[in-house]
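From first to last, the protein sequence lines stand for chains A and B. Going by this note's numbering, the residue at position 175 of the first sequence is 723; the numbering climbs one at a time, nothing skipped. Going by this note's numbering, the residue at position 120 of the second sequence is 136; the numbering climbs one at a time, nothing skipped. Where a beta carbon is used, it is the ideal one built from N, C-alpha and C, also for glycine. Reading through the structure tokens given below for one structure.
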Amino acid sequence: MTVRDATDLVEVSGLTKHFPLRKGLFSRQVGAVRAVDDVSFVIRRGETLGLVGESGCGKSTTGRLIMRLIPPTEGGILFDGVDLSKLEGSALRRMRRQFQMVVQDPFNALNPRMTVAETIGEPLYLAGQDRTARERRVKELLEVVGLASYHAERYPHEFSGGQRQRIGIARALAVKPKFIVCDEPVSALDVSIQAQVVNLLKDLQREYALTYLFVSHDLGVVRHISDRVAVMYLGKIVELADKRRLYSTPKHPYTQALLSAVPVPRPGARRDRVMLTGDVPSARRPPSGCRFHTRCPLADETCRQVEPPLIDVGNNHYAACHRVTKGSERDDA
Amino acid sequence: MRRPLFDKRLKMTLGGGIVVAAILMAIFAPLLSPFDPNQQDLLQRLKPPAWSAGAAAGHWLGTDNFGRDLWSRIAFGSRISILVGVSAMLLAGVLGTLLGMVAGYKGGRIEQVIMRFADAQLAFPDFLLAILIVAAIGGSALNLILVLGVSGWMIYARVTFGLTRSLRERPYVEAAVSHGAWDWYIIRRHIFPQLVPVLTVVSTLQVAQMILAETALSFLGLGIPPPAPSWGNMLAEGRDRLFVAPWIANLSGLAIIIVVWGINMLGNGLREHLDPRSGDL
Numbered sequence: 549m550t551v552r553d554a555t556d557l558v559e560v561s562g563l564t565k566h567f568p569l570r571k572g573l574f575s576r577q578v579g580a581v582r583a584v585d586d587v588s589f590v591i592r593r594g595e596t597l598g599l600v601g602e603s604g605c606g607k608s609t610t611g612r613l614i615m616r617l618i619p620p621t622e623g624g625i626l627f628d629g630v631d632l633s634k635l636e637g638s639a640l641r642r643m644r645r646q647f648q649m650v651v652q653d654p655f656n657a658l659n660p661r662m663t664v665a666e667t668i669g670e671p672l673y674l675a676g677q678d679r680t681a682r683e684r685r686v687k688e689l690l691e692v693v694g695l696a697s698y699h700a701e702r703y704p705h706e707f708s709g710g711q712r713q714r715i716g717i718a719r720a721l722a723v724k725p726k727f728i729v730c731d732e733p734v735s736a737l738d739v740s741i742q743a744q745v746v747n748l749l750k751d752l753q754r755e756y757a758l759t760y761l762f763v764s765h766d767l768g769v770v771r772h773i774s775d776r777v778a779v780m781y782l783g784k785i786v787e788l789a790d791k792r793r794l795y796s797t798p799k800h801p802y803t804q805a806l807l808s809a810v811p812v813p814r815p816g817a818r819r820d821r822v823m824l825t826g827d828v829p830s831a832r833r834p835p836s837g838c839r840f841h842t843r844c845p846l847a848d849e850t851c852r853q854v855e856p857p858l859i860d861v862g863n864n865h866y867a868a869c870h871r872v873t874k875g876s877e878r879d880d881a
Numbered sequence: 017m018r019r020p021l022f023d024k025r026l027k028m029t030l031g032g033g034i035v036v037a038a039i040l041m042a043i044f045a046p047l048l049s050p051f052d053p054n055q056q057d058l059l060q061r062l063k064p065p066a067w068s069a070g071a072a073a074g075h076w077l078g079t080d081n082f083g084r085d086l087w088s089r090i091a092f093g094s095r096i097s098i099l100v101g102v103s104a105m106l107l108a109g110v111l112g113t114l115l116g117m118v119a120g121y122k123g124g125r126i127e128q129v130i131m132r133f134a135d136a137q138l139a140f141p142d143f144l145l146a147i148l149i150v151a152a153i154g155g156s157a158l159n160l161i162l163v164l165g166v167s168g169w170m171i172y173a174r175v176t177f178g179l180t181r182s183l184r185e186r187p188y189v190e191a192a193v194s195h196g197a198w199d200w201y202i203i204r205r206h207i208f209p210q211l212v213p214v215l216t217v218v219s220t221l222q223v224a225q226m227i228l229a230e231t232a233l234s235f236l237g238l239g240i241p242p243p244a245p246s247w248g249n250m251l252a253e254g255r256d257r258l259f260v261a262p263w264i265a266n267l268s269g270l271a272i273i274i275v276v277w278g279i280n281m282l283g284n285g286l287r288e289h290l291d292p293r294s295g296d297l
């Protein structure tokens, strides 16, 4: 995983974000929320990496770190060979055109006082394009995302959630980025609309050779759109594998529990549920050793003391669990 | 639901009407005045208004201690009141809005410096500060505007600071950042336009405060120096003759009350109108 490959678009290494907790008269730092803690992965050109986990596990923070909306505490973000974590000011501003974001909340994602044309045209304006070029491109983009050109002069409140999300996608596409972070792009939408938006994202990926980081808590949606999937728990990646392998032979007990909680759309279907007890511990004081040991049905003394590294169990299937041994994965998936 | 006696439409119409009338009065003061406001006529001094016994012909609202026509002085006095009120409001508004937006957007040390300064000035009786400064640098329309403007910026800073801070976190602001927008672009395009409704209301109400402050300073002899007519001066002069010629203080006081009441009503009406919860925006 450390060997850099020309096919890798994004390479994240040791990414860490601690939000300091301050207290008292002199804002003494009394601790930190370890939202993302030493996370490493790569995203290959043209693929979709799904990032799943419960709320608060740091998946959105990871996306925002890669977008450089917040500065990382530690670690590197190599984008197309350029370390974003070292960039500042106008150099960063110039790079930003290559990576974009689609956010969860379609109601706050658009400025209510700007027309659709102004919203989608904003990145073009910021990139220095003149009015006629902008108008042409806005029309083009509206069509690409499945809206009509007469929508251009309308305001966000005249659209449904799904349509607003399409406008947000059009805005992200405006400056022809290579990489898009989709932060829960369909979580706020009705199920019937979710499929439309996800399929739109898939079509766009094919057409424009886009690379996605797809952040979601919805395992079904992630399975539908991703090529590979990473599972996060309390600021750490606990498992990362090819979608097919992750869903058929999950290695980490947490992944197994998550997958067993997905409802099966078949009445009377029986299966083994792995029930987790307790709540997710606070990211202020994460448990020692394996962060999952407080809730893991298989935990033993080693798990409580030693933090398991993310190891290759074979076939590019990575898991961070003492109970999973190297090379244990047979080609059975 | 019963309609209130003063619903927002009535407030805006009545308040707006009074404000427009006052502005027209200020603009057309020379046409409305039958006399030069500073022309003394000692034979006609302390004449009561036209509806009282012993009124002098032509002086509708009577004359003051020096025989100057009270109506003409009130008409010309509206110029000073409105000029000082509006200019001081604009100065305070520009200062406060800019500082509030910078503090709310930048946060951190800049926020601490600006907002703690605002707190400190809010804790200080601003009228006392105004008296102090005017006493030191002397009274004139320009000095009044500067003093009142600088002593009134905090309210704008507070309002814009809070709003800016919440707007800064909106995803569309982050989207602009992710497209490489400069801070100034975001403030201009995404933050300021959303502050306009609130600022309209705050500044309307503040014009009334500023007019009152001007009158109070002039009343204390720290405002516009006589003989220039200002409502505050006239009130002060009227006080000395309150028992002999009560109309001087009463009528100039009435002018102040009507204008301030009108502006406040307009401001309240606007606030109800611009509040999205009122439902028919």
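Assuming residue i and residue j are in contact, meaning their beta carbons sit under 8 Å apart, how far apart are those beta carbons, in whole angstroms?
{"i": "Leu-10 of chain B", "j": "Ala-151 of chain B", "result": "Any property of residue 10 of chain B remains undetermined from this structure, which presents chain B solely from 17 to 297."}
{"i": "Val-102 of chain B", "j": "Val-223 of chain B", "result": "6 Å"}
{"i": "Ile-773 of chain A", "j": "Lys-750 of chain A", "result": "6 Å"}
{"i": "Val-723 of chain A", "j": "Leu-690 of chain A", "result": "Actually they are not in contact, since the Cβ atoms of Val-723 of chain A and Leu-690 of chain A sit about 16 Å apart, beyond 8 Å."}
{"i": "Val-651 of chain A", "j": "Ala-657 of chain A", "result": "5 Å"}
{"i": "Val-786 of chain A", "j": "Ala-868 of chain A", "result": "5 Å"}
{"i": "Leu-160 of chain B", "j": "Glu-230 of chain B", "result": "6 Å"}
{"i": "Leu-164 of chain B", "j": "Ala-104 of chain B", "result": "4 Å"}
{"i": "Gly-709 of chain A", "j": "Ile-741 of chain A", "result": "7 Å"}
Compute the Euclidean distance between the alpha carbons of residue i and residue j, then round it to the nearest angstrom.
{"i": "Gly-295 of chain B", "j": "His-195 of chain B", "result": "Any reading at Gly-295 of chain B needs caution, since the residue's pLDDT is 45, under 50, leaving its predicted position unreliable; the model's value is listed next. The straight-line gap from Cα to Cα measures roughly 35 Å."}
{"i": "Leu-138 of chain B", "j": "Ala-42 of chain B", "result": "32 Å"}
{"i": "Arg-132 of chain B", "j": "Val-578 of chain A", "result": "24 Å"}
{"i": "Pro-242 of chain B", "j": "Glu-670 of chain A", "result": "56 Å"}
{"i": "Asp-738 of chain A", "j": "Cys-605 of chain A", "result": "24 Å"}
{"i": "Glu-688 of chain A", "j": "Glu-855 of chain A", "result": "51 Å"}
{"i": "Asn-81 of chain B", "j": "Arg-257 of chain B", "result": "8 Å"}
{"i": "Tyr-802 of chain A", "j": "Gly-816 of chain A", "result": "25 Å"}
{"i": "Phe-140 of chain B", "j": "Gly-155 of chain B", "result": "21 Å"}
{"i": "Val-729 of chain A", "j": "Ala-700 of chain A", "result": "25 Å"}
{"i": "Arg-593 of chain A", "j": "Val-558 of chain A", "result": "8 Å"}
{"i": "Asp-653 of chain A", "j": "Ile-614 of chain A", "result": "19 Å"}
{"i": "Ser-167 of chain B", "j": "Gln-225 of chain B", "result": "12 Å"}
{"i": "His-248 of chain B", "j": "Leu-211 of chain B", "result": "The residue you asked about is not His; residue 248 of chain B is Gly in the sequence shown. Cα to Cα, the separation comes out at about 33 Å."}
{"i": "Tyr-756 of chain A", "j": "Val-692 of chain A", "result": "11 Å"}
{"i": "Met-649 of chain A", "j": "Lys-726 of chain A", "result": "11 Å"}
{"i": "Asp-85 of chain B", "j": "Ser-49 of chain B", "result": "9 Å"}
Mind checking if residue i is an interface residue toward chain A, Cβ cutoff 8 Å exclusive?
{"i": "Arg-186 of chain B", "result": "yes"}
{"i": "Ala-151 of chain B", "result": "no"}
{"i": "Leu-119 of chain B", "result": "It is worth fixing the name first, because residue 119 of chain B is Ala in this sequence and not Leu. So, not an interface residue."}
{"i": "Glu-127 of chain B", "result": "no"}
{"i": "Gly-196 of chain B", "result": "yes"}
{"i": "His-75 of chain B", "result": "no"}
{"i": "Ala-192 of chain B", "result": "yes"}
{"i": "His-289 of chain B", "result": "no"}
Taking CB distances under 8 Å as the criterion, tell me whether residue i reaches chain B.
{"i": "Leu-542 of chain A", "result": "This structure cannot settle anything about residue 542 of chain A, because the visible part of chain A is limited to 549 through 881."}
{"i": "Val-769 of chain A", "result": "no"}
{"i": "Arg-644 of chain A", "result": "yes"}
{"i": "Arg-641 of chain A", "result": "yes"}
{"i": "Leu-674 of chain A", "result": "yes"}
{"i": "Leu-677 of chain A", "result": "Just to set this straight, residue 677 of chain A is Gln in the shown sequence, not Leu. Judged by the 8 Å Cβ criterion, Gln-677 of chain A is not in contact with chain B."}
{"i": "Val-651 of chain A", "result": "yes"}
{"i": "Arg-712 of chain A", "result": "no"}
{"i": "Val-723 of chain A", "result": "yes"}
{"i": "Met-615 of chain A", "result": "yes"}
{"i": "Leu-737 of chain A", "result": "no"}
{"i": "Arg-719 of chain A", "result": "yes"}
{"i": "Pro-568 of chain A", "result": "no"}
Would you verify that the beta carbon of residue i is, or is not, closer than 8 Å to some beta carbon of chain D?
{"i": "Pro-209 of chain B", "result": "Among the chains of the structure shown, chain D does not appear; the protein chains present are A and B."}
At 4 residues or longer, and completely inside the segment 578 to 634 of chain A: list those alpha helix (DSSP H) runs for me, N to C. 607 to 614
Could you name each continuous beta strand (DSSP E) segment of 3 residues or more that falls completely within the segment 627 to 690 of chain A, going from the start of the chain to the end? Here the runs fully enclosed are 647 to 650.
Counting pairs of beta carbons, one from the segment 609 to 625 of chain A and one from the segment 560 to 571 of chain A, are three or more of them closer than 8 Å? yes
Does the segment 764 to 778 of chain A come within contact of the segment 586 to 605 of chain A, defined as at least 3 CB pairs closer than 8 Å? yes
Please specify which runs of the beta strand (DSSP E), each continuous and at least 3 residues long, are wholly inside the segment 234 to 286 of chain B, giving them in chain order. Counting only unbroken stretches of 3 or more residues, no beta strand (DSSP E) element lies wholly within the segment 234 to 286 of chain B.
Spell out a yes or no on whether the segment 103 to 120 of chain B and the segment 85 to 92 of chain B are touching, meaning 3 or more CB-CB pairs, one atom from each, closer than 8 Å. no
Just checking, does the segment 18 to 35 of chain B make contact with the segment 49 to 66 of chain B on the three C-beta pairs under 8 Å criterion? Short answer: they don't touch.
Can you give, in chain order, each stretch of the alpha helix (DSSP H) that sits fully within the segment 72 to 143 of chain B and has at least 4 residues? 86 to 122, 124 to 139
Along the chain, which unbroken stretches of the beta strand (DSSP E) at least 3 residues long are found entirely within the segment 806 to 860 of chain A? none
Going residue by residue through the segment 141 to 195 of chain B, where are the continuous alpha helix (DSSP H) segments of at least 4 residues, counting only ones entirely within it? 142 to 153, 157 to 167, 169 to 184, 187 to 194
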